[in-house]
Amino acid sequence: MGTPLKKISVAKTSAQKNHIQHIKITRKKQLFLLFYADEPNDEIARRVFKEAAQTRLVIIKTDPKYDPNIHMVHCPNITHFSQIQLVIDNWIKKYGGQNKVEMKELSIFSHSGLNGPIIYDAWRFDPPEILLPVNRTTSSGVQKRNQLIYSEWIKINYYWGTETRLNFFGCNSANTEINPYTKEQKNNFAKNISTNLNCKNVIVSGQSISSYPSFYPDKRKISVKIAILGISAPYDYQPIYMVSSLPNKGSEAMSENGTDAKPMNFYKNGSIITTNFQSIFNDHRKPRNTQSSPELNMVKFWIENAKDE
């Protein structure tokens, strides 16, 4: 699943009989949480985020190293940021607590900006003091705050294991551009997050520029059908990835060969470790497992349909 899995955990049980102690080594379960922003007033974006999260789920569950008894994969929808810790805690508790389960990957599929993920209706649910101030207000003067302040990201307990990933698939979440006016580097959210103690030794990735839906993880390609029909199109006939791409390339993205995508940036402890496409860990075209499953059937369906694109 991109990186080798741990062979065993430190968890163990023991029993003693006839003065002989038998020790059974057990593995912790590994949790994959693929959050998507459930935007009630932006159905097209909500659909893209959901489909991209579900594509990631299918890829994880068809990975050659996937073990259904060890790897727990879920796609929780969220309408505001306070839900993130609650959802994490609930799944950790469900699988027996932090002595029995650890986080392997957490991904967020959402709008984003230089200050991280955006959930446009977060202001309706989250306390205003944990959200970044904005100029947009309601008719009654309430600020429509939609991004979590940086100090709140530092507080999240992810229950990380080892060889772990934190992925931000929204626009500009790992932007490395220089501000043309100040001549300083723009805020690089993913890089900054990777410096925090609660993400120590975690690979944190983000998009270099704006991101768009695509059938592939390493180029921007979409169908005329989806571009025109939007939310009413049958998305499931192809996977949906969120990839970085230059703006004003929509027509090229609908062409036979699509258009170029831009790679993501990957950081660990504040240092860049690679600039590459997400296909290094998230690609349905790579060899899959042979376990009979709905997810494997879906991958076969995608590959067959790609021949007609």
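Positions 1 to 309 (full-length UniProt numbering) are the ones given, in order, by the sequence shown.
Yeah, the Cβ is synthetic: ideal placement off N, Cα and C, and Gly gets one too.
None of the values given here were measured: they were computed from a predicted structure.
Beta-bridge pairing of residue i - partner residues as DSSP gives them
{"i": "residue 165", "result": "105 and 203"}
{"i": "residue 138", "result": "Partner(s): none; residue 138 has no beta bridge."}
{"i": "residue 53", "result": "Paired residue(s): none; residue 53 is not in a bridge."}
{"i": "residue 116", "result": "113"}
{"i": "residue 271", "result": "268"}
{"i": "residue 30", "result": "71 and 102"}
{"i": "residue 185", "result": "178"}
{"i": "residue 147", "result": "In the DSSP output, where bridge partners are listed per residue, residue 147 has none listed."}
{"i": "residue 37", "result": "78"}
{"i": "residue 197", "result": "DSSP output for residue 197 lists no bridge partner at all."}
Other residues of its chain near residue i: CB distance less than 7 Å, five sequence neighbours each side excluded
{"i": "residue 195", "result": "269 and 270"}
{"i": "residue 145", "result": "122, 123, 128, 131, 132, 133 and 134"}
{"i": "residue 49", "result": "36, 37, 109 and 110"}
{"i": "residue 311", "result": "Absent from the model: residue 311. The displayed extent of the chain is 1 to 309, so no value can be given."}
{"i": "residue 262", "result": "208, 209, 244 and 245"}
{"i": "residue 75", "result": "34, 36, 53, 54 and 57"}
{"i": "residue 29", "result": "70, 72, 95, 100 and 101"}
Beta strand (DSSP E) segment containing residue i, residue limits
{"i": "residue 174", "result": "Unbroken run through residue 174: none, as it is neither H nor E."}
{"i": "residue 296", "result": "It is not in any beta strand (DSSP E) - residue 296 instead sits in the alpha helix (DSSP H) that spans 294-306."}
Contact set for residue i: own chain, Cβ-Cβ below 6 Å, skip 5 residues either direction
{"i": "residue 237", "result": "305"}
{"i": "residue 258", "result": "219, 220 and 221"}
{"i": "residue 283", "result": "217"}
{"i": "residue 278", "result": "217 and 264"}
{"i": "residue 186", "result": "114, 175, 177 and 179"}
{"i": "residue 295", "result": "58, 61 and 62"}
{"i": "residue 173", "result": "112, 189, 190, 206 and 207"}
{"i": "residue 312", "result": "Outside the shown range of the chain, which is 1 to 309, sits residue 312, and nothing can be said about it."}
{"i": "residue 4", "result": "At residue 4, the pLDDT of 45 sits below 50, so the modelled position is not reliable; the number obtained from the coordinates is stated separately. Within the same chain, residue 4 has no close Cβ partners at all."}
Host alpha helix (DSSP H) of residue i (start-end)
{"i": "residue 279", "result": "Unbroken run through residue 279: none, as it is neither H nor E."}
{"i": "residue 189", "result": "189-194"}
{"i": "residue 267", "result": "Note, residue 267: premise wrong, no alpha helix (DSSP H); beta strand (DSSP E) at 264-268."}
{"i": "residue 150", "result": "150-155"}
Beta-carbon contacts of residue i that lie in its chain and below 8 Å, excluding the five residues immediately before and after
{"i": "residue 118", "result": "37, 110, 111, 112, 146, 147 and 170"}
{"i": "residue 98", "result": "92 and 159"}
{"i": "residue 141", "result": "none"}
{"i": "residue 78", "result": "35, 36, 37, 38, 84, 87 and 119"}
{"i": "residue 276", "result": "263, 264 and 266"}
{"i": "residue 288", "result": "62, 63, 64, 296 and 299"}
{"i": "residue 137", "result": "143 and 144"}
Legend entry - Sequence ranges, beta strand (DSSP E) only - wholly within the segment 56-113, length at least 3: Runs found: 71-74, 101-109 and 111-113.
Legend entry - Inside the segment 211-262 only - beta strand (DSSP E) runs reaching at least 3 residues: Listed in chain order, they are 211-214 and 241-244.
Legend entry - the segment 78-95 contacting the segment 161-170, beta-carbon criterion three pairs below 8 Å: Here the segment 78-95 makes no contact with the segment 161-170; the two share fewer than three CB pairs at distances below 8 Å.
Legend entry - Meets three-Cβ-pair contact criterion under 8 Å: the segment 147-164 and the segment 61-68: Contact between the segment 147-164 and the segment 61-68 is absent: fewer than 3 CB-CB pairs across the two stretches fall below 8 Å.
Inset, instruction - Taking 8 Å as the threshold, find out whether the segment 248-256 comes into contact with the segment 175-182 through three or more Cβ pairs. - result: Two segments are said to touch when three or more pairs of C-beta atoms, one from each, lie closer than 8 Å; by this definition the segment 248-256 does not touch the segment 175-182.
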